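Chains as they are written, first to last, in my numbering: chain C, 44 to 448; chain D, 44 to 448.
Report on one structure; see the data block that follows.
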C-alpha cells in the first residue's frame with residue numbers, strides 16, 4: 044500500500060491554522076541562561092502549592108468524594124454559586140449560578156463563545172494591539188479580526204461606529220468586539236469608565252456581543268477598581284471571561300465565564316461536545332481555597348509581588364531607555380509595551396537582544412493588520428528581579444546603539 | 044435601554060446544537076432511590092484515590108515542580124514518551140512521542156480531529172447505533188452523520204463502499220469513519236479483525252480518515268486482544284483516541300490520541316486555540332501511576348470488577364427476559380444492548396420502568412437515522428450488584444407485560 048498524506052482532507056479552517064507566537068516564544072525560552080521578558084506565564088513561586096496539596100489530600104480521603112468523577116458540563120454547582128456571590132461582592136455583577144459556566148481555562152470560554160456566535164467570515168473587532176491567543180481563537184473559528192487602535196485608555200471606542208459603517212458597506216457582519224478590559228495583554232492599559240459605558244451603548248444599538256476578557260482584573264496595584272463591562276451592562280450583550288491562571292494555578296485549568304442565561308446554556312452545549320466537563324478536582328480545590336479565604340489572601344500576595352516587579356521594571360526603563368522611546372505605565376497585570384521611533388524594527392532589536400541572551404516579544408505578533416513593527420512587549424511576570432536588573436539596562440544600550448546607526 | 048436577545052446573533056452551528064441524551068440521563072439519575080442502568084460513568088469505588096493523593100502530595104512538595112504551571116500544548120514530554128512506549132508494548136503501535144497529543148478527555152481529541160478535517164456538510168460514517176457524544180461532536184463541527192449498521196462483529200464494513208458511491212452521487216464528501224473498535228458504546232460489540240483490515244484498505248483506497256475511538260479497549264474480560272486499527276495501519280489514515288476515564292479517573296480529564304505527525308501537529312494548533320493545554324497535575328499524576336505500575340494493576344482490578352458485574356447482568360437477563368428479546372454479549376466494557384420485538388417501544392417501556400424506579404437509555408438516542416425505537420442500552424458500570432439484582436428481574440416482568448398487551 045502506498046503512503047498517502049491525509050493533509051488532502053484538511054478543512055478550510057485547518058488550512059488557516061498557523062502556529063501562534065506562543066510557540067515561537069517557547070522556543071526562545073529554551074536557550075540556557077536566557078534573561079527572558081518574553082513569557083507571560085505567572086511566576087510559580089506564588090502558586091499556593093501547599094494549600095492545594097492539603098486540600099487535595101483532604102478531598103481524596105473522603106468516602107464518596109466527587110473529586111475524581113465526571114462533573115456536570117456547566118460546572119460544580121457549589122463552585123458556581125460561590126463564584127456568583129464573589130462576582131456580586133467584588134465587582135457588583137448581579138448574576139445567578141445558572142449564568143456561570145466553568146471552563147478549562149478562559150481561552151476555552153472565548154472559543155465556545157466564538158463557536159456559538161461566529162459563522163465563517165463574521166467580523167470581530169479587536170484591539171490594535173491585542174493578545175494573539177484571543178485573536179487566534181477567533182481566526183480558528185472562521186472569524187475575521189478587524190483592528191481598532193488602542194491608546195492609554197484602552198481600545199478607542201470612538202472609532203468603532205465608523206468602522207461598523209465601513210464594514211456594513213462591505214457587506215460584512217460584525218458579531219462581537221473582543222476587549223481585554225483591565226491591564227490588557229500586551230499593552231497593560233485599562234479601558235476607561237467612559238469608554239466602557241460607550242461600548243455598551245454601541246453594542247445594544249448595533250447588536251453585537253462584547254467578549255470581555257478579564258484575565259488580569261484582580262491584579263490591580265493601585266488606583267480605583269473599575270466595574271467590568273459585565274457589571275455595567277443591563278442589556279445582555281456581554282460575556283465575561285475570568286481566569287484563575289494568574290491568581291491560583293494555570294496548570295489546574297479552571298476558569299469561568301458569566302453571561303446571559305441563553306448564551307451560557309448554548310455555550311454549555313458546545314462544551315459538552317468539546318471536552319464534556321472541566322477537571323473536577325481543580326474545581327473542588329478552587330472552591331475550598333475560596334471558602335477558606337486562601338484565594339483572596341493569595342491575590343493580595345500576588346499583587347504585592349507583581350507590583351514590586353512592575354516598579355523595578357518601569358524604574359529601570361525610565362533610567363536606561365533613550366528618550367525617543369515611549370512605554371505604557373500599567374496599574375496592574377504583567378506587561379509594559381514599548382514603542383520605538385517609527386522605522387526602527389523590533390524584530391531586528393530582538394536579534395541583537397538574543398545575542399545578549401535577552402528576550403521579549405515583538406509587537407507585530409499582536410497587530411492583526413501586520414503593523415506595530417516598531418513595538419515590543421516586556422513582561423515582568425516570570426522574570427526574576429535579578430534578570431530584570433540585568434536585562435533592562437542592556438536592552439537600553441542595544442536600543443541606543445540601534446538608534447545611533 | 045431595552046433588553047434585546049443575543050440569540051439573534053447565534054451562528055449556524057449554534058442553532059444546530061441540541062441537548063444530547065447525556066443531559067436527559069442526568070435528569071433521570073436525580074430521582075431518589077433510582078436503580079439506574081442508564082449512566083455510563085465508571086464506578087468511583089475503583090478509582091485510585093489514595094495513590095492519586097499520595098502522588099499529588101509528593102509532586103507539590105517538590106521545589107520547582109512543574110505541576111501547577113502551564114504545560115506545553117502537545118502535552119508533558121515524559122508522559123508522551125511513556126504513552127508511546129506503552130502503545131508499542133501493549134498494542135504493537137509503532138509511534139514516537141511526537142505522534143501523541145495529550146487531550147482533556149478523549150472527546151476533545153475527536154473534536155479537534157473534526158475541527159481539522161470537517162467542513163460544514165462533510166459526511167462522517169458512523170455505526171447504527173453509535174455513542175451520541177461522538178456523533179454530537181461531529182454534528183457540532185458541521186459534519187453530517189450517515190449511519191452504517193452494526194452487528195455482532197461491529198460496524199458492517201462490507202456496506203461502506205456502496206454507501207460511498209451513493210454519497211458521491213449526491214455530491215457529498217465522506218471525510219471519515221467514526222468507529223468505536225472495542226466493546227462499542229452502546230452495543231458492547233467489537234470490530235472483528237477481518238473488518239479492521241478491510242476498513243483500513245477502504246480508507247487508503249477511498250481516502251478517508253478513520254477516527255478510532257478506543258475508550259474501552261483496556262477493559263477486555265476474556266478472549267484475545269485484537270490489534271487496534273492504529274496498530275494495523277501502515278498508510279497513515281488513522282487517528283486513535285484513548286481515554287483514562289474508565290481506568291484512572293474521568294474527573295482528572297486526561298486522555299491522548301495518536302496519529303500521523305502532520306495530523307497531530309495540526310490538532311495541536313487547534314488545541315492551542317481551544318484550551319491551550321491539558322491539566323498539568325493530571326498529566327504528572329498519570330505519568331507517576333504508570334511508572335509505579337499502579338496504573339496497570341488498577342486496570343486488572345477494574346477488569347475483574349466490571350467482569351463480575353457483566354456476568355451478573357447477563358445471567359439475570361438470560362433468566363428473566365422473555366425469549367422474544369435479544370441482547371449482545373460483550374467481552375469487555377460497560378454495556379449490553381437489548382432489542383425488543385419489532386414495534387415494541389423502548390420509550391414506552393422506559394415510562395413503565397421509571398414508575399418502578401428503574402432507568403436505562405432508549406436506543407433511539409444512538410441511531411443517527413432516528414431508528415432503533417425498539418432497543419435500549421443497559422449499563423452495568425455504575426449500578427451496584429444489589430441494584431442490578433433488583434432491576435433486571437423487574438425489567439423482565441415489565442417487558443413481558445408489555446409484550447402480552
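For every residue, glycine included, the Cβ atom is placed at its ideal position computed from N, Cα and C.
Keep in mind that this is a model prediction, so the values were computed, not measured.
Query	Result
Sub-8 angstroms separation of residue 441 of chain C and residue 396 of chain C beta-carbons	yes
Test item: CB-CB of residue 424 of chain D and residue 406 of chain D under 8 angstroms	no
8 angstroms Cβ cutoff, residue 46 of chain C in contact with chain D	With a pLDDT of 48 at residue 46 of chain C, under the threshold of 50, the predicted position of this residue should be treated as unreliable, though the coordinate-derived value follows. Taking Cβ atoms only, chain D reaches closer than 8 angstroms to residue 46 of chain C, which makes this a yes.
Any chain C beta carbon closer than 8 angstroms to residue 122 of chain D	no
Extent of the continuous beta strand (DSSP E) to which residue 298 of chain C belongs	298–301
Simplified DSSP state of residue 255 of chain C, which is helix, strand or coil	strand
Backbone CA spacing between residue 105 of chain D and residue 294 of chain C [nearest angstrom]	15 angstroms
Positions along the region 146–165 of chain D whose CB lies within less than 7 angstroms of some CB in chain C	147, 148, 150, 151, 154, 158, 159, 160, 161 and 162
Near-chain C residues of the region 310–343 of chain D - C-beta to any C-beta below 8 angstroms	312, 313, 315, 316, 317, 318, 319, 320, 321, 322, 323, 324 and 325
Contact the region 269–284 of chain D vs the region 135–143 of chain D: 3+ CB pairs below 8 angstroms	yes
Distance between residue 350 of chain C and residue 375 of chain C (C-alpha atoms, nearest Å)	7 angstroms
Contact list for residue 250 of chain D against chain C, beta-carbon separation under 9 angstroms	47, 49, 51 and 52
Where the beta strand (DSSP E) through residue 289 of chain D begins and ends	Element bounds for residue 289 of chain D: n/a, residue is neither H nor E.
Among D/322, D/142 and D/197, the one whose alpha carbon lies nearest that of residue 125 of chain D	D/142
Inter-residue Cα distance where the pair is residue 271 of chain D and residue 428 of chain C	52 angstroms
Between the CA atoms of residue 161 of chain C and residue 215 of chain C - distance to the nearest angstrom	12 angstroms
Residues bridged to residue 379 of chain D (per DSSP)	D/421
8 angstroms Cβ cutoff, residue 95 of chain C in contact with chain D	yes
Spatial distance of residue 54 of chain D from residue 176 of chain C (CA atoms)	21 angstroms
For residue 78 of chain D, three-class secondary structure by DSSP	strand
Exposure of residue 120 of chain C, with buried meaning 16 or more beta-carbon neighbours within 10 Å	exposed
Rounded straight-line distance, which links the Cα of residue 240 of chain D to that of residue 304 of chain D	22 angstroms
Which of helix, strand or coil DSSP assigns to residue 221 of chain D	strand
Same chain only: Cβ atoms within 7 angstroms of residue 110 of chain C, ignoring 5 sequence neighbours per side	102, 103, 323, 324 and 327
Close-in-space but distant-in-sequence residues of the same chain around residue 147 of chain D (CB under 8 angstroms, 5 per side omitted)	296, 297, 298, 318, 321 and 322
Cβ neighbours of residue 433 of chain D in the same chain (closer than 7 angstroms, five flanking residues each side left out)	78
Endpoints, the alpha helix (DSSP H) within which residue 180 of chain D is located	175–183
Exposure of residue 209 of chain C, with buried meaning 16 or more beta-carbon neighbours within 10 Å	exposed
Within 9 angstroms of chain D by C-beta, residues of the region 106–130 of chain C in sequence order	107, 108, 109, 110, 111, 112, 113, 114, 115 and 116
Alpha carbon of residue 56 of chain C to alpha carbon of residue 315 of chain D, nearest angstrom	14 angstroms
CA-to-CA distance, residue 183 of chain C to residue 60 of chain C, given in whole angstroms	6 angstroms
Interface positions of the region 195–224 of chain C facing chain D (Cβ-Cβ less than 7 angstroms), listed along the chain	218
Proximal chain D residues relative to residue 99 of chain C, where beta-carbon distance stays under 9 angstroms	95, 96, 99, 100, 103 and 324
Inter-residue spacing [alpha-carbon to alpha-carbon] between residue 445 of chain D and residue 389 of chain D	10 angstroms
Where the alpha helix (DSSP H) through residue 192 of chain D begins and ends	First-last for residue 192 of chain D: 187–194, but that is the beta strand (DSSP E), not the alpha helix (DSSP H).
Given 8 angstroms, three or more beta-carbon pairs between the region 196–203 of chain D and the region 91–100 of chain D	no
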